[in-house]
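Asks: If you scroll down you'll find the structure; I have some questions about it.
6 protein chains.
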Amino acid sequence: MSEQWLTSLITKTPQEGYELAIKLSRMGVKYTQPSDAVRSKLRPDYSENSENLIASSQVIATNFQTVSAANNYWRD
Amino acid sequence: MSEQWLTSLITKTPQEGYELAIKLSRMGVKYTQPSDAVRSKLRPDYSENSENLIASSQVIATNFQTVSAANNYWRD
Amino acid sequence: MSEQWLTSLITKTPQEGYELAIKLSRMGVKYTQPSDAVRSKLRPDYSENSENLIASSQVIATNFQTVSAANNYWRD
Amino acid sequence: MSEQWLTSLITKTPQEGYELAIKLSRMGVKYTQPSDAVRSKLRPDYSENSENLIASSQVIATNFQTVSAANNYWRD
Amino acid sequence: MSEQWLTSLITKTPQEGYELAIKLSRMGVKYTQPSDAVRSKLRPDYSENSENLIASSQVIATNFQTVSAANNYWRD
Amino acid sequence: MSEQWLTSLITKTPQEGYELAIKLSRMGVKYTQPSDAVRSKLRPDYSENSENLIASSQVIATNFQTVSAANNYWRD
Numbered sequence: 349m350s351e352q353w354l355t356s357l358i359t360k361t362p363q364e365g366y367e368l369a370i371k372l373s374r375m376g377v378k379y380t381q382p383s384d385a386v387r388s389k390l391r392p393d394y395s396e397n398s399e400n401l402i403a404s405s406q407v408i409a410t411n412f413q414t415v416s417a418a419n420n421y422w423r424d
Numbered sequence: 349m350s351e352q353w354l355t356s357l358i359t360k361t362p363q364e365g366y367e368l369a370i371k372l373s374r375m376g377v378k379y380t381q382p383s384d385a386v387r388s389k390l391r392p393d394y395s396e397n398s399e400n401l402i403a404s405s406q407v408i409a410t411n412f413q414t415v416s417a418a419n420n421y422w423r424d
Numbered sequence: 349m350s351e352q353w354l355t356s357l358i359t360k361t362p363q364e365g366y367e368l369a370i371k372l373s374r375m376g377v378k379y380t381q382p383s384d385a386v387r388s389k390l391r392p393d394y395s396e397n398s399e400n401l402i403a404s405s406q407v408i409a410t411n412f413q414t415v416s417a418a419n420n421y422w423r424d
Numbered sequence: 349m350s351e352q353w354l355t356s357l358i359t360k361t362p363q364e365g366y367e368l369a370i371k372l373s374r375m376g377v378k379y380t381q382p383s384d385a386v387r388s389k390l391r392p393d394y395s396e397n398s399e400n401l402i403a404s405s406q407v408i409a410t411n412f413q414t415v416s417a418a419n420n421y422w423r424d
Numbered sequence: 349m350s351e352q353w354l355t356s357l358i359t360k361t362p363q364e365g366y367e368l369a370i371k372l373s374r375m376g377v378k379y380t381q382p383s384d385a386v387r388s389k390l391r392p393d394y395s396e397n398s399e400n401l402i403a404s405s406q407v408i409a410t411n412f413q414t415v416s417a418a419n420n421y422w423r424d
Numbered sequence: 349m350s351e352q353w354l355t356s357l358i359t360k361t362p363q364e365g366y367e368l369a370i371k372l373s374r375m376g377v378k379y380t381q382p383s384d385a386v387r388s389k390l391r392p393d394y395s396e397n398s399e400n401l402i403a404s405s406q407v408i409a410t411n412f413q414t415v416s417a418a419n420n421y422w423r424d
């Protein structure tokens, strides 16, 4: 992907960190299915299906572990 | 999301930490499906289906790892 | 949940730590489905279905990582 | 469980550590379904189904992370 | 695999690290199914199915944890 | 298993580490289903099914975390 979308894992607040985790999770989907049209067509499958919503939250949780560790849990 | 919902990962007790992990897990769903109406409609799928309940507990466990590490496991 | 059920992640032995991990896993289900009656009805789905048993063991394994780290792997 | 089955996470070799990870994974199933008869009946579901075999290997991998960290990766 | 494809986990930027995580995720598939022809045939299953896209993003997230830790989260 | 198959988690290169992660993942299956004949029969299920291929890559990613940490990410 030639577009630059990730220059740092550091965020000011935990909430921004969580939102970065969401972005990371979505980019995993985007790299695997680059077509905007196909992803749009699939969107209801994601967002109106309980199993997929929970699985999405699992991906976010995994990426949030990474972002949280990068930010030393915003303890400093 | 303009609403501020996460200002710190630090909690006083492990139980509050676990409850924060639950909140993190639910927010992952909420960001993916922002409509309250749709989420309400899906609620029985979550809470009356064994597979989804276990998957929800998995997301919570993953977020609890993050919160526990942030709090140095409440050992201090 | 007003009931206090988790005051420490520290246990005397690895086995007690594993049993705490089981409790954490079950509480994830209980917070998501608070009704004792519904959970009782679902119990056979959990305990007589291979896929769900393996998934339950996965949640326990994840929580056991947390409890083990909290206890410094009972090496001290 | 009154039976004592886990007194230490320390093993002499990585292979013994891997085998302990397998034991931990199986105990997660056993605590959830204590009946030997039911587990025996389910055994073919575990061991003759690709999806379940992969999921079992996932649980083992997660527990092996814990055991490996406990043993400082057998580097000492 | 005699081909050399992974000589370092160190990358210059987080984005390159994320892209390495994608490569690691794909290699896991390639080692399990080495035939280019079979993988090509399966591609629509991956990229046009919501559940599989989320699962792919989960694998990437897991590998990104590894790459991020290797790079000390690009904090230095 | 009386056969000795894992004496160290240390490898010379990240690629050898990745290949060790694959071996660990396969051994998880082999311990659960020791019969070569049954595993051979199941092989097409693994390698010609998208969901199973992704799940296999997930197990490998988890084991690669362990092997990478053991090798201090080959940074030394």
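Residue numbers (the working numbering), protein chains in the order written: chain V, 349 to 424; chain X, 349 to 424; chain U, 349 to 424; chain Z, 349 to 424; chain L, 349 to 424; chain D, 349 to 424.
In this text, a Cβ means the ideal position worked out from N, Cα and C, and glycines have one as well.
Going by DSSP, what residue range makes up the alpha helix (DSSP H) through Gln381 (chain Z)?
Replies: That residue, Gln381 (chain Z), is in no alpha helix (DSSP H); it is neither H nor E in DSSP.
Asks: May I have the straight-line CA-CA distance separating Thr355 (chain L) from Asp424 (chain Z), to the nearest angstrom?
Replies: Here the C-alpha atom of Thr355 (chain L) lies approximately 25 Å from the C-alpha atom of Asp424 (chain Z).
Asks: For Trp353 (chain Z), count neighbouring Cβ atoms within 10 angstroms of its own Cβ and tell me buried if that reaches 16, exposed if not.
Replies: exposed
Asks: Since Glu399 (chain L) is in the alpha helix (DSSP H), which residue starts that stretch and which ends it?
Replies: 398 to 418
Asks: If Leu401 (chain X) sits next to Val407 (chain U), beta carbons under 8 Å apart, how far is it from one beta carbon to the other, in whole angstroms?
Replies: The Cβ separation is near 10 Å, so there is no contact.
Asks: So what's Gln352 (chain U) in DSSP terms, helix, strand or just coil?
Replies: coil
Asks: Pick from D:Ile358, D:Thr410, D:Ser383: whose alpha carbon is nearest that of Ser395 (chain Z)?
Replies: D:Ser383
Asks: Could you work out which residue in L:Ser388, L:Arg391, L:Thr380 is closest to Asp393 (chain D) when comparing CA atoms only?
Replies: L:Thr380
Asks: Is Gly365 (chain X) close to chain V? Criterion is C-beta to C-beta, closer than 7 Å.
Replies: no
Asks: Could you tell me the distance, in whole angstroms, from the CA atom of Val415 (chain U) to the CA atom of Leu390 (chain L)?
Replies: Near 40 Å, if we compare the C-alpha coordinates of Leu390 (chain L) and Val415 (chain U).
Asks: Lys360 (chain D) by DSSP, collapsed to three states: which one?
Replies: coil
Asks: Determine the chain U residues that contact Leu368 (chain Z) at a beta-carbon separation under 7 Å, and present them in chain order.
Replies: Here the premise fails: no neighbours, minimum Cβ distance about 10 Å.
Asks: Does DSSP put Arg387 (chain U) in a helix, in a strand, or in coil?
Replies: helix
Asks: To the nearest angstrom, how far is the alpha carbon of Glu367 (chain X) from that of Ser398 (chain Z)?
Replies: 36 Å
Asks: Whole-angstrom Cβ separation of Leu372 (chain U) and Ala409 (chain X), contact assumed at under 8 Å?
Replies: 7 Å
Asks: What separation, rounded to the nearest whole angstrom, lies between the Cα atoms of Ser405 (chain Z) and Ser388 (chain D)?
Replies: So the two alpha carbons sit approximately 17 Å from each other.
Asks: Please confirm whether Ala369 (chain V) and Asn411 (chain V) have their CB atoms less than 7 Å apart.
Replies: yes
Asks: Comparing C-alpha positions only, which one of Z:Thr361, Z:Ala403, Z:Tyr421 sits nearest to Arg374 (chain D)?
Replies: Z:Ala403
Asks: To the nearest angstrom, report how far apart Ser350 (chain V) and Glu364 (chain U) are at their CA atoms.
Replies: One C-alpha to the other measures close to 51 Å.
Asks: Please confirm whether Ser373 (chain U) has its beta-carbon closer than 7 Å to some beta-carbon of chain X.
Replies: yes
Asks: In the structure shown, what three-state DSSP assignment does Asp393 (chain X) receive?
Replies: helix
Asks: Taking Cβ-Cβ distances shorter than 8 Å, what residues in chain Z pair up with Trp353 (chain D)?
Replies: Gln363
Asks: May I ask you to list, following chain order, the residues of the segment 392 to 419 of chain V that have a beta carbon less than 7 Å from some beta carbon of chain L?
Replies: Asp393, Tyr394, Asn400, Ala403, Ser404, Gln406, Val407, Thr410, Asn411, Gln413, Thr414, Ala417, Ala418
Asks: May I ask you to check if the CB of Leu390 (chain Z) is nearer than 6 Å to at least one heavy atom of the ligand SAM?
Replies: Ligands in the displayed structure: none, and consequently the ligand SAM is not present.
Asks: Determine, for Tyr379 (chain U), whether the minimum Cβ-Cβ distance to residues of chain Z falls below 7 Å.
Replies: no
Asks: Is DSSP giving Arg374 (chain D) helix, strand or coil here?
Replies: Looking at Arg374 (chain D) - three-state DSSP - the assignment turns out to be helix.
Asks: Distance, Cα to Cα, Thr361 (chain L) vs Tyr421 (chain L)?
Replies: Roughly 9 Å between the two C-alpha positions.
Asks: For Ser350 (chain U), go through chain X and note every residue whose CB falls closer than 9 Å to its CB, in chain order.
Replies: Result: empty, since nearest Cβ-Cβ is about 11 Å, beyond 9 Å.
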